[in-house]
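One structure is given below, encoded as structure tokens.
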Amino acid sequence: MSINQHEIEHVAKLARLSLRDDEKQLFTGQMEAILAYVETLNELNTDGISPTSHAVPMENAFRPDCVTPSIGHDRALANAPDKNETYFRVPPVIE
Amino acid sequence: MELYEQTIHDLQGQLQARQVSSVEITNSFLNRIESTDPSINAFITVTKEQALLDAAAADQRIASGDCSPLTGIPVALKDIFLTEGVRTTCASKMLDNFIAPYDATAWARMKSQGAVLLGKLNQDEFAMGSSCENSAFGPTRNPWNREHIPGGSSGGSAAAIAAQQAVATLGTDTGGSIRQPASHCGCVGLKPTYGRVSRYGVIAYASSLDQVGPMTRDVTDAALLLRVIAGHDPKDSTSVDCPVPDYMAALKQGVKGLKIGLPKEYFIEGLDPDVQRAMDQAIAVYRQLGAEFVEVSLPHTNYAVATYYLIATAEASSNLARYEGVRFGHRAKESSGLIDLMMQSRSEGFGAEVKRRIMLGTYALSSGYYDAYYIKAQKVRTLIQQDFIEAFKSVDLLLTPVAPTPAFKIGEKTADPLQMYLSDIFTIPVNLAGICGISVPAGISANGLPIGLQLLGRPFGEESILRAAFDFEQATQWHTKKAAL
Chain A
1 MSINQHEIEH VAKLARLSLR DDEKQLFTGQ MEAILAYVET LNELNTDGIS PTSHAVPMEN
61 AFRPDCVTPS IGHDRALANA PDKNETYFRV PPVIE
Chain B
1 MELYEQTIHD LQGQLQARQV SSVEITNSFL NRIESTDPSI NAFITVTKEQ ALLDAAAADQ
61 RIASGDCSPL TGIPVALKDI FLTEGVRTTC ASKMLDNFIA PYDATAWARM KSQGAVLLGK
121 LNQDEFAMGS SCENSAFGPT RNPWNREHIP GGSSGGSAAA IAAQQAVATL GTDTGGSIRQ
181 PASHCGCVGL KPTYGRVSRY GVIAYASSLD QVGPMTRDVT DAALLLRVIA GHDPKDSTSV
241 DCPVPDYMAA LKQGVKGLKI GLPKEYFIEG LDPDVQRAMD QAIAVYRQLG AEFVEVSLPH
301 TNYAVATYYL IATAEASSNL ARYEGVRFGH RAKESSGLID LMMQSRSEGF GAEVKRRIML
361 GTYALSSGYY DAYYIKAQKV RTLIQQDFIE AFKSVDLLLT PVAPTPAFKI GEKTADPLQM
421 YLSDIFTIPV NLAGICGISV PAGISANGLP IGLQLLGRPF GEESILRAAF DFEQATQWHT
481 KKAAL
């Protein structure tokens, strides 16, 4: 499967990346080579094989549904690039 | 022998007997870091003042008669582990100023025994790489030859052991990131079974593959450190609730009577002749020790790299969505609104390899390609796992090379990501199957670079790989060879 620059731009938008022109060009070629390589998987017939998402067979891990202390505002906000009292601050979302 | 040349088990005895203090040991390592790290670049952050305070506290603890295996032992951590109050960068510009609000469980367990943190180690950014060249803080150099890479992604963790800058370190292994650098730097690196060690507080790359493990000077230290960090953690719902055996006791059981499989797909044409020779010699050593060898087949080996680069990148694209410049991490100065702020912050904060993997993973998960790439890869993952299940029906362990060649040169593979990915062919299948593996020093190449031997075991079979690794180590002297610095 080949990938063109238009698709690279679409994927970048989905991934919330703003790529420079030289990056777009570089990634188009490199992703094309990698995607050509992963095509080898199509040599295998996987009909009737169930997918593995996790190597260790496990049931859901449940815990009691009760309130426990969390890390609190001060520590949660300590690494915020911008904050206002107990909130993260961002540019206006609604005009 | 200098203090910085010794193992955990050497130093522990001396600490207990009060022949040496933790402050003396810690100073020995801090001086060693100061004199060697300008030419190696294994450390991103050195926590000198805190280390000396913690060493003094450990000495008091020992004086009061409280001495656990790690009390007063200076260690260092890959910068992917959260360390409360200490900068944690994951080798990314994105987290340049990030101060971790809590400790990773693996580190918390070491800390509660009184281990002393020397600092945080270099790696490939977000653990994405095989050479430690993808770091926002510059590449780490191999202490055996500074023109060469130390391996990756836990390159700093391996180089720090080889340069004698820490007694032991922790790394993480998603596709070989503990075993491959351990092999390239001549130290011991153990990737436990998926679920054996908690991933809580470890910055996520590919959550179904990531696993924490020890990197040490010898097998005894690996067993000792694994015993401390292993075990169920309610904070990691994928950590498995099964008892942690006494790995130290397992070491003494020997390999006599064990059946070791040699997967024919791992002994291929194109294997470096020095690596082939080291494997042949290792097999001869094991035969003398009383192990039996049989050839086995892992028929889907050649599909592992393709499978990995779809699954790992898909998981990464989802995990790394959290870096949006709002709650923590880098924020772009200029932006035209919230979405643009996220896009600019991510584009400025991530390096090229991270962007490439996010792009690949997003593509594999995107509408129209999800079944063809992501689900297909998950199905092939099942086949790869079945290969191992089948092989372990007839053998106790598998023996393979860790990497097809010794450490390559800095810059040699940076222009071609696919070539870089293919260097992990012998380590990647292990993560896909979730089993355990260890790299042990097993030779030196003609140009003076270490070569590692990989032993693979059944899920939760760490005792058998440790016991086989220990017997090999005792019968050879490779682990005593040191990089000339």
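Residue numbers (the UniProt record's numbering), protein chains in the order written: chain A, 1 to 95; chain B, 1 to 485.
By construction, the Cβ of each residue, glycine as well, lies at the ideal position given by its N, Cα and C atoms.
### Task
Locate the beta strand (DSSP E) running through P181(B), then write down its first and last residues.
In this chain, P181(B) is not harboured by any beta strand (DSSP E); it is covered by the alpha helix (DSSP H) spanning R179 to C185.
### Query
Can you find a heavy atom of the ligand MG that lies under 7 Å from the Cβ of N31(B)?
Annotation note on the ligand MG: not contained in the displayed structure, which lists no ligands.
### Task
Report yes if the C-beta distance between A403(B) and Q180(B) is below 8 Å; otherwise report no.
yes
### Where T26(B) sits in the DSSP three-state scheme
It is helical.
### Query
For a contact meaning CB atoms closer than 7 Å, what does P234(B) contact in chain A?
R63
### Task
Output, in chain order, the set of chain B residues within a Cβ distance shorter than 7 Å of Q30(A).
Close to Q30(A), with beta-carbon spacing below 7 Å, are these residues of chain B in chain order: R356 and P417.
### Task
Count the other CB atoms, across all protein chains shown, that sit within 10 Å of the CB of I71(A); report buried if there are 16 or more and exposed otherwise.
exposed
### Query
Roughly how many angstroms separate the alpha carbons of D280(B) and E315(B), rounded to a whole number?
Using only the alpha carbons, I get a separation of about 38 Å.
#### Entry: For Q165(B), three-class secondary structure by DSSP
coil
#### Entry: Within chain A, partners of F328(B) - CB distance below 8 Å
N79, A80 and P81
### Query
Between the C-alpha atoms of G461(B) and D79(B), what's the straight-line distance to the nearest angstrom?
28 Å
### Query
With respect to the alpha helix (DSSP H) encompassing A377(B), which residues constitute its N-terminal and C-terminal limits?
K376 to A391
### Message
Since A377(B) and L41(A) should fall inside the 8 Å C-beta cutoff, what is the C-beta to C-beta distance between them, to a whole number of angstroms?
### Response
7 Å
### Message
Is it the case that the stretch 71 to 89 of chain B contacts the stretch 12 to 30 of chain B, given that we only count it when at least three CB pairs across the two stretches are under 8 Å?
### Response
Verdict: yes, contact present.
### Task
Following the continuous beta strand (DSSP E) through K252(B), name the residue where it begins and the one where it ends.
From DSSP, K252(B) is part of no beta strand (DSSP E); its letter is neither H nor E.
#### Entry: Proximal residues of chain A, C-beta to C-beta of Y303(B) below 7 Å
T40, L41 and L44
### Task
Could you tell me how far apart the beta carbons of residue 570(B) and H184(B) are, in whole angstroms, since I believe they sit closer than 8 Å?
Nothing about residue 570(B) can be read from this structure; chain B reaches only from 1 to 485.
### Query
In chain order, which alpha helix (DSSP H) runs of at least 4 residues are fully inside the stretch 13 to 98 of chain B?
22 to 40 and 48 to 63
### Sufficient close CB pairs (3 or more, under 8 Å) joining the stretch 352 to 364 of chain B to the stretch 4 to 14 of chain A
The way I'd put it, the stretch 352 to 364 of chain B does touch the stretch 4 to 14 of chain A; three or more beta-carbon pairs between them come closer than 8 Å.
### Task
Spatial neighbours of I99(B) within its chain, please: CB distance less than 8 Å, with the 5 preceding and 5 following residues excluded, ordered by chain position.
G85, V86, R87 and T88
### Query
Does the beta carbon of S2(A) sit closer than 8 Å to a beta carbon anywhere in chain B?
no
### Any alpha helix (DSSP H) of 4 or more consecutive residues that is wholly inside the stretch 58 to 83 of chain A
72 to 77
### Query
G119(B) bridges to which residues according to DSSP?
Under DSSP, G119(B) takes part in a beta bridge, and its partners are V46(B) and A76(B).
### Environment of F27(A) [buried if 16+ CB atoms lie within 10 Å]
buried
### Task
Quickly, what does DSSP pair C436(B) with across the bridge? List them, please.
G457(B)
### Task
Would you mind telling me which residues of chain A sit closer than 8 Å to P74(B), beta carbon to beta carbon, in chain order?
Going along chain A, no residue has its Cβ under 8 Å from P74(B), so there is no contact; the nearest lies around 27 Å.
### Query
Per DSSP, I260(B) is paired with what?
F293(B) and L397(B)
### Task
Say whether chain B places a C-beta atom closer than 8 Å to the C-beta of H54(A).
yes
### Message
With three or more C-beta pairs closer than 8 Å as the rule, is the stretch 223 to 230 of chain B touching the stretch 256 to 276 of chain B?
### Response
no
### Query
Near F137(B), which residues of its chain fall below 8 Å by C-beta distance, leaving aside the five closest residues on each side in sequence?
N41, I44, T89, A91 and N122
### Query
For P101(B) and chain A, any beta-carbon pair shorter than 8 Å?
yes
### Query
Got a sec: is the Cβ-Cβ distance from M359(B) to anything in chain A below 8 Å?
At least one chain A Cβ lies under 8 Å of M359(B).
### Task
Could you check how far apart the C-beta atoms of G254(B) and R467(B) are, in whole angstroms? I think they sit under 8 Å.
7 Å
#### Entry: Unbroken beta strand (DSSP E) run spanning G189(B), endpoints
V188 to K191
#### Entry: F81(B) classed as buried or exposed, judged by whether at least 16 other C-beta atoms fall within 10 angstroms
buried
### Message
For the stretch 198 to 224 of chain B, list every residue whose C-beta sits within 7 Å of some C-beta in chain A, in sequence order.
### Response
S208
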